[in-house]
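Following: one structure in structure tokens, then a few remarks.
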Amino acid sequence: MENELRRGPITGVWVVMVKNGTSIEGLLDGWESKRPLPIEDIQPCPFCEGNENDAPSEILAFRKGGIPNGPGWKIRVVPNKFPIFQIHGELDGKAVGMYDKLGGIGAHEIVVETPLHNRTLLTLDNKEVEDILWAYRERVLDLKKDRRFRYILVYKNYGPSVGASIKHSHSHIVATPVTPGRIKEELEGSKYYYKIKERCIYCDIIRQEIKNEERIILENDHFLCFSPFASIYPFQAWITPKTHEVFFEQNERYDLLASMLREILDKISKGLKDPDYIFVIHTGPNIEAKRGRHYWQTLQYDFHWHIEIMPRVRNLTGFEIGAGFHINPVLPEDAAKYLRGI
């Protein structure tokens, strides 16, 4: 079979789909995920219960008892010791000759997902994962009150090859003073589609995937998990609400979302030899931001929040990095069929 090009309907990014490449088993056999050291070989962890003084003071905590910044918590949110952006100051936009620059203003928070060092999202139960999603919601709502921030990004790195330097299960929340480029592509692509067709492109995608069925991995009453038609990475999966919703923080069925998130991560872990992965929540921007306020005028109709899950089972090639042209050796239809069977 000949390779083919597939165009992502939202961002317009083209992906090379390799039809006669390595088999799924061959791809996984050729990729070894390097796990961190066993728990007994790891030095005292600042995220473990009892070591609260080794981390910054908490911003939010779900507690079973105890006092702030002490033991007794279930989930804890703290500032990152080494933040991408700093919380204090002004944007101070200015020109430097022909160039533009802003102050590095924003926020970078760590969500410590469990007090126990050797737990993961897969060894937490559904209610514990649901509580993590509620913690995300509380922090996103609070950070959006700051009009300096144009976007709030929630993401998780699992494994050292994608940047998880501490094994203790945690995720990140980052507030940015500009709209990140990947998000902006989605927002602009969604707005353009709505301008032409007066429909949400995500809702159209959901209807198409439910009709075709071949790329669906999981489905429940409120959410759909599927392999995107033009998946950039092998075994990439999206979770999206089946009804139109712009903002992650406006959804309240986190019980069903937690169940689906745990199930797809379990399939990825078992089927792909416990690979490193990233998941990221793409939600609507901060519509109250003072810079560019009201820029997304049809946002309530054209954008649809979703979670993107990206396992790492291969390295990028020079062509992909140099050209910005991704190559996927596993067809999304094959990836979905494989994961459904796990």
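-7 is the number of the first residue of the sequence shown in this note's numbering; add one for each residue after it.
Glycine included, C-beta positions come from ideal geometry on N, C-alpha and C.
Between residue i and residue j, which are expected to be in contact by the criterion C-beta below 8 Å, what is the C-beta distance as a whole number of angstroms?
i: M302; j: Y269; result: 6 Å
i: H296; j: C192; result: 6 Å
i: M9; j: R(-1); result: Not quite, the Cβ-Cβ distance comes to about 11 Å (not below 8 Å), so this is no contact.
i: L210; j: I158; result: Actually they do not touch by this definition, with Cβ atoms about 29 Å apart.
Residue i by DSSP, collapsed to three states: which one?
i: F77; result: coil
i: K259; result: helix
i: P324; result: helix
i: D196; result: helix
i: F239; result: coil
i: V305; result: coil
i: R(-1); result: strand
i: A342; result: Outside the modelled stretch of the chain, which goes from -7 to 334, sits residue 342, for which no answer is possible.
i: I102; result: strand
i: K86; result: strand
Out of the options, point me to the one whose CA is closest to residue i's CA.
i: Y128; options: S219, I165 and N149; result: I165
i: D213; options: M252, S157 and E17; result: M252
i: I279; options: V104, N43 and Y143; result: Y143
i: P60; options: K73, E41 and F74; result: E41
i: F240; options: T3, M90, L19 and V132; result: V132
i: S182; options: T290, P324 and P63; result: T290
i: P38; options: K189, C217, G57 and P63; result: P63
Along the chain, where does the beta strand (DSSP E) containing residue i start, and where does it finish?
i: V8; result: W6 to M9
i: W288; result: Taken as a continuous stretch (DSSP letters only), W288 belongs to no beta strand (DSSP E), as it is neither H nor E.
i: E211; result: I208 to E211
i: L52; result: L52 to R55
i: W297; result: Note, W297: premise wrong, no beta strand (DSSP E); not H, not E.
i: I165; result: H162 to T168
i: R68; result: W65 to P71
i: L145; result: Y143 to Y150
i: I231; result: A229 to P233
Please list the terminal residues of the continuous alpha helix (DSSP H) segment that includes residue i.
i: R271; result: Just to set this straight, residue 271 is Phe in the shown sequence, not Arg. Segment D268 to H274 is the beta strand (DSSP E) holding F271; no alpha helix (DSSP H) there.
i: D92; result: Careful: D92 lies outside any alpha helix (DSSP H), inside the beta strand (DSSP E) at Y91 to K93.
i: F311; result: G310 to A315
i: K187; result: G173 to K189
i: L216; result: Taken as a continuous stretch (DSSP letters only), L216 belongs to no alpha helix (DSSP H), being part of the beta strand (DSSP E) at F215 to F218.
Is the beta carbon of residue i within less than 8 Å of some heavy atom of the ligand NAD?
i: P152; result: This structure simply doesn't include the ligand NAD, nor any ligand for that matter.
If we define contact as Cβ-Cβ less than 9 Å, is residue i a contact residue for chain D?
i: T232; result: Going by chain labels, chain D is absent from the structure shown, which holds only one protein chain.
Spell out a yes or no on whether the region 177 to 185 and the region 145 to 157 are touching, meaning 3 or more CB-CB pairs, one atom from each, closer than 8 Å. no
Does the region 64 to 77 come into contact with the region 39 to 54, if we say contact requires no fewer than three beta-carbon pairs (one atom in each stretch) closer than 8 Å? yes
At least 3 beta-carbon pairs within less than 8 Å: the region 216 to 224 vs the region 92 to 106: no
If we count Cβ pairs, one from each stretch, closer than 8 Å, do we get three or more for the region 104 to 111 versus the region 35 to 47? yes
Are the region 240 to 250 and the region 315 to 323 in contact at 8 Å, needing three or more beta carbon pairs? no
Cβ contact check for the region 72 to 85 and the region 197 to 210: 3 or more pairs under 8 Å: no
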